[in-house]
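Q:
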Amino acid sequence: RKEVEQDPGPFNVPEGATVAFNCTYSNSASQSFFWYRQDCRKEPKLLMSVYSSGNEDGRFTAQLNRASQYISLLIRDSKLSDSATYLCVVKSGGSYIPTFGRGTSLIVHP
Amino acid sequence: GAVVSQHPSRVICKSGTSVKIECRSLDFQATTMFWYRQFPKQSLMLMATSNEGSKATYEQGVEKDKFLINHASLTLSTLTVTSAHPEDSSFYICSARALDRGGEQFFGPGTRLTVL
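In the order they appear, the protein sequences are chains F and U.
Residue numbers 4 to 113, in our numbering, belong to the letters of the first sequence in order.
Residue numbers 1082 to 1197, in our numbering, belong to the letters of the second sequence in order.
1) Could you please tell me which residues of the segment 6 to 31 of chain F, in chain order, have their CB closer than 9 Å to any CB of chain U?
2) Hey, would you say valine 1085(U) sits closer than 8 Å to glycine 1184(U), going by beta carbons?
3) Where does serine 1158(U) sit, in a helix, a strand or coil, going by DSSP?
4) Taking all protein chains shown into account, decide if leucine 119(F) is buried (16 or more other Cβ within 10 angstroms of its Cβ) or exposed.
5) On the three-state DSSP scale, how would you describe proline 101(F)?
6) Let's test the definition: count the other Cβ atoms within 10 Å of the Cβ of threonine 1098(U) and tell me whether it reaches 16, buried, or not, exposed.
7) Is DSSP giving glutamate 1168(U) helix, strand or coil here?
8) Just checking leucine 76(F) against the ligand SAH - is the residue's beta carbon closer than 7 Å to any of the ligand's heavy atoms?
9) Compute the beta-carbon to beta-carbon distance between valine 22(F) and leucine 83(F), rounded to the nearest angstrom, for a pair I have assumed lies under 8 Å.
10) Excluding sequence positions up to five away, which residues of its chain have a Cβ less than 6 Å from the Cβ of lysine 1145(U)?
11) Quick test of the definition: if touching needs 3 or more C-beta pairs under 8 Å, does the segment 21 to 37 of chain F touch the segment 1091 to 1108 of chain U?
12) Should the segment 1109 to 1116 of chain U be called in touch with the segment 40 to 59 of chain F, which here means at least 3 C-beta pairs below 8 Å?
13) On the DSSP letters alone, give me the boundaries of the beta strand (DSSP E) that phenylalanine 1120(U) sits inside.
14) Can you pull the DSSP bridge partners for alanine 87(F)?
15) Would you kindly work out how many angstroms separate the C-alpha atoms of tyrosine 89(F) and proline 113(F), rounded to a whole number?
16) My assumption, with CB atoms under 8 Å, is that valine 1202(U) sits in contact with serine 1170(U). Please give the rounded CB distance.
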């Protein structure tokens, strides 16, 4: 079983739709969680950290479920510019080395 | 956020040649730099972790004699792909960890290597 698993998609949604991605992790000692965004042929960029209490940044909401070992990303009112690959990133306690999921591809169409 | 540069952004070379990729942290000191490789539609795969002034730690399955890493200063790490072959063609991305910014990692823009 892979350490971090994501549905690769693609998720194909119309503008204005709400879309959610899940990511599961296998290491119960994982302590830090992040969502990164990667555009085609570009480097990943930090979208948001995921806190135990959940956090929201504009149209983006991230949540953590430690019991089930998954994190989620919800995007409301999708924009064309949201089209990208969303990477789930997990760090274990005491380690600064992140583990990346393979990413979920989102395509927002007019 | 902090800035990390990579050079070159794209390189095409013949099989058997060596290619050097530079990763620089421009406005912070990076005690640790990471080198990743990403094949099309795949995840970033960590190749090695390098700490300034010491030998790099390679991930399982990554040949240290083929992928030479030098982290000679707090702002520069280099990855040399020796005797490159077509299967080494990939997107190579470095990232730098900034201790004075909460340990956050900042990624370089990547280098696309094509070996003919």
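We put the CB at the ideal spot given by N, CA and C, even for glycine.
A: The relevant details are as follows:
1) Those residues of the segment 6 to 31 of chain F that come within reach of chain U (Cβ to Cβ, closer than 9 Å) are Val7, Gln9 and Pro11.
2) Position 4 of the second sequence, counted from the first residue, corresponds to residue 1085(U). Position 103 of the second sequence, counted from the first residue, corresponds to residue 1184(U). No, the pair does not count as a contact, with Cβ atoms beyond the cut-off.
3) What you label residue 1158(U) is simply residue 77 of the second sequence in a count that begins at 1. The answer is strand: DSSP assigns serine 1158(U) an E or B state.
4) Given that chain F is displayed from residue 4 to residue 113, the structure contains no residue 119(F) and the question cannot be resolved.
5) In the first sequence, residue 101(F) corresponds to position 98, counting from 1. Shown here, proline 101(F) sits in a strand according to DSSP, grouped into three states.
6) For the purposes of this step, residue 1098(U) is identified with residue 17 of the second sequence, where counting begins at 1. Only exposed fits threonine 1098(U), as fewer than 16 other CB atoms lie within 10 angstroms of its CB.
7) On the second sequence, residue 1168(U) is found 87 positions in, with the first residue counted as 1. Helix, per DSSP.
8) For the ligand SAH, the structure offers nothing, since it holds no ligand at all.
9) Position 19 of the first sequence, counted from the first residue, corresponds to residue 22(F). Position 80 of the first sequence, counted from the first residue, corresponds to residue 83(F). Taking C-beta atoms under 8 Å as the contact rule, valine 22(F) and leucine 83(F) fail to qualify, at a distance of about 13 Å.
10) For the purposes of this step, residue 1145(U) is taken as the residue at position 64 of the second sequence. Contacts found: Tyr1139.
11) Not touching, per the Cβ criterion.
12) Using a C-beta cut-off of 8 Å, the segment 1109 to 1116 of chain U makes no contact with the segment 40 to 59 of chain F, since fewer than three inter-stretch Cβ pairs fall below that distance.
13) Walking along the second sequence from the start, residue 1120(U) turns up at place 39. Phenylalanine 1120(U) -> no beta strand (DSSP E), and no H or E assigned at all.
14) Taking the first residue of the first sequence as 1, we reach residue 87(F) at position 84. Alanine 87(F) is bridged to Leu109(F).
15) The residue given as residue 89(F) occupies position 86 in the first sequence. The residue given as residue 113(F) occupies position 110 in the first sequence. When rounded, the distance between both Cα atoms is 20 Å.
16) This structure gives no information on residue 1202(U), because the portion of chain U shown stretches from 1082 to 1197.
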